[in-house]
Every structure is written in structure tokens, then in C-alpha cells.
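**Student:** Provided herewith is a single structure, encoded as C-alpha cells, for subsequent inquiry.
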Amino acid sequence: MVSDNSIYSSEDGVLYDKNKRKLICVPAGKNGKFVIPSSVTSIGNYAFMYCRGLTSIEIPSSVTSIENEAFWNCHSLTSIEIPSSVTSIENDVFWNCCGLTSIRIPSSVISIGNYAFYDCRALTSIKIPSSVTNIGVFAFKNCKNLDVIIDNSKENVSVGEDAFDGCKSVKFLK
Numbered sequence: 150m151v152s153d154n155s156i157y158s159s160e161d162g163v164l165y166d167k168n169k170r171k172l173i174c175v176p177a178g179k180n181g182k183f184v185i186p187s188s189v190t191s192i193g194n195y196a197f198m199y200c201r202g203l204t205s206i207e208i209p210s211s212v213t214s215i216e217n218e219a220f221w222n223c224h225s226l227t228s229i230e231i232p233s234s235v236t237s238i239e240n241d242v243f244w245n246c247c248g249l250t251s252i253r254i255p256s257s258v259i260s261i262g263n264y265a266f267y268d269c270r271a272l273t274s275i276k277i278p279s280s281v282t283n284i285g286v287f288a289f290k291n292c293k294n295l296d297v298i299i300d301n302s303k304e305n306v307s308v309g310e311d312a313f314d315g316c317k318s319v320k321f322l323k
């Protein structure tokens with residue numbers, strides 16, 4: 150990357166916009182833990198796609214947006230904490246993160262997109278906070294070991310087609 154590029158910047162092979170506010174692309178060969186810089190406010194579409202060697206990703210509280218397919222096919226990712234600055238989990242964000250065993254959804258999140266956790270087979274439990282009013286189609290489909298607890302009533306949550314198809318159990322608390 151040329152240092153006087155007016156659109157992009159790069160650090161350790163990771164591509165950002167010029168001001169390092171948007172993380173655009175992490176090389177698929179990255180392994181282990183990845184810490185997103187605190188200057189980043191947005192994780193772009195496909196940013197971590199096929200980063201199969203990453204086991205954990207630290208997201209700073211500066212991040213307000215995680216775009217579609219951001220962590221698509223990150224097979225070795227085992228846990229991730231979404232900061233309370235995020236209000237929406239977009240479409241396909243964790244699609245086929247088959248090693249993901251733990252995730253905490255903060256009460257700031259109001260929407261979980263289509264296919265958001267599709268085929269996350271290692272997830273065993275998740276609590277969806279009462280702030281979530283929309284769960285997209287196939288959001289948790291094929292999460293065969295997953296017990297879902299929704300801290301809300303059926304009347305207060307719009308649940309898309311087959312959102313929990315293949316899950317072990319789903320329970321509304323209210």
C-alpha cells in the first residue's frame with residue numbers, strides 16, 4: 150500500500166479506510182487473536198471472511214456497526230463479545246462460524262438479521278435480551294446444540310421464517 154493513498158491505509162496487512170475508522174479486510178491467513186484498533190467504528194462487509202485461523206477477535210466499544218457477512222466462515226472463532234455500542238447484528242454476520250461456542254448479545258441490540266448465526270453448530274446457549282424486537286429468517290438455523298432463551302414475549306418479537314429451525318430448544322420468558 151502506498152503511504153500517500155488518499156482512500157486506504159494498511160497496517161500489518163490489514164486494510165482500513167484512510168482514517169482507520171472502517172476495517173475493510175483482514176487477510177485470511179491471520180491466526181490466533183486479533184485486536185481491532187480503538188479508532189475503528191465500523192467493521193465492513195466480509196472484513197474477516199475465511200479467517201479460519203482466528204480464535205478470538207476483540208471488538209472495541211468504538212465500533213457501532215458490524216456489516217453483513219463480517220465474520221463469515223471464521224471456523225476457529227470460539228467466542229466474541231459484541232460491544233454495547235452496536236444496535237444491530239446484520240445479515241449473515243456469523244454464518245458458519247462452526248467453532249463459535251460463546252457469544253453475548255448486549256441489550257443495545259434491537260435486531261438480529263437473516264442468517265446471522267446460521268450453522269453455528271457449537272453454540273450451546275444464547276440469551277436474547279428484551280431489547281431485540283426483530284429476529285430475521287433462518288437467524289439461528291442449523292444451530293443443533295443451541296438452547297435459546299428470549300427475554301421477551303412472542304407478541305413483542307417479530308420472528309422470521311424458520312429462525313430457530315434445528316435448534317435444541319427455544320423459550321420465551323415473558
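In the numbering used here, each residue carries its 1-based index in the sequence shown increased by 149. Each residue gets a CB set at the ideal place from its N, CA and C atoms; glycine is no exception.
1. Please confirm whether residue 279 and residue 298 have their CB atoms less than 9 angstroms apart.
2. Does any CB atom of chain B fall closer than 9 angstroms to the CB of residue 190?
3. Figure out for me which residue from 303, 319, 215 and 213 has the closest Cα to the Cα of residue 294.
4. Quick one: Cα of residue 307 to Cα of residue 220, how far?
5. Taking 9 angstroms as the threshold (C-beta atoms), are residue 222 and residue 199 in contact?
6. Among the candidates 207, 206 and 248, whose CA atom is the shortest distance from the CA of residue 224?
7. With residue 174 as the anchor, note down where its beta strand (DSSP E) starts and where it stops.
8. Compare the Cα-Cα distances from residue 363 to each of 271, 226 and 258 and report the closest residue.
9. So, is residue 290 buried or exposed, given that buried needs 16 or more other C-beta atoms within 10 angstroms?
10. Between the beta-carbon of residue 215 and the beta-carbon of residue 175, is there less than 9 angstroms?
11. Could you check where the beta strand (DSSP E) with residue 182 kicks off and where it finishes?
12. Please determine, among 170, 314 and 212, the residue with the shortest C-alpha to C-alpha distance to residue 268.
13. In the DSSP assignment, find the unbroken beta strand (DSSP E) run with residue 296 in it and report its ends.
14. On a Cα-Cα basis, can you pick out the residue from 163, 244 and 322 that is closest to residue 218?
15. Going by CA-CA distance only, name the one from 232, 256 and 296 that's closest to residue 191.
16. I need the DSSP call for residue 290, collapsed to helix, strand or coil.
17. Let me know the beta strand (DSSP E) ranges lying completely inside the stretch 214-288, each 3 residues or longer, listed in chain order.
18. Given residue 155, which residues of its chain have a CB within under 7 angstroms of its CB, disregarding the five upstream and five downstream residues?
**Tutor:** Let me spell this out:
1. no
2. Of the protein chains in the structure, only one exists, and it is not chain B.
3. 319
4. 25 angstroms
5. yes
6. 248
7. 171-174
8. Summary: the structure shown does not reach residue 363, with the chain confined to residues 150 through 323, and so no result is reported for it.
9. buried
10. no
11. 180-184
12. 314
13. 296-299
14. 244
15. 232
16. coil
17. 228-230, 251-253 and 274-277
18. 167
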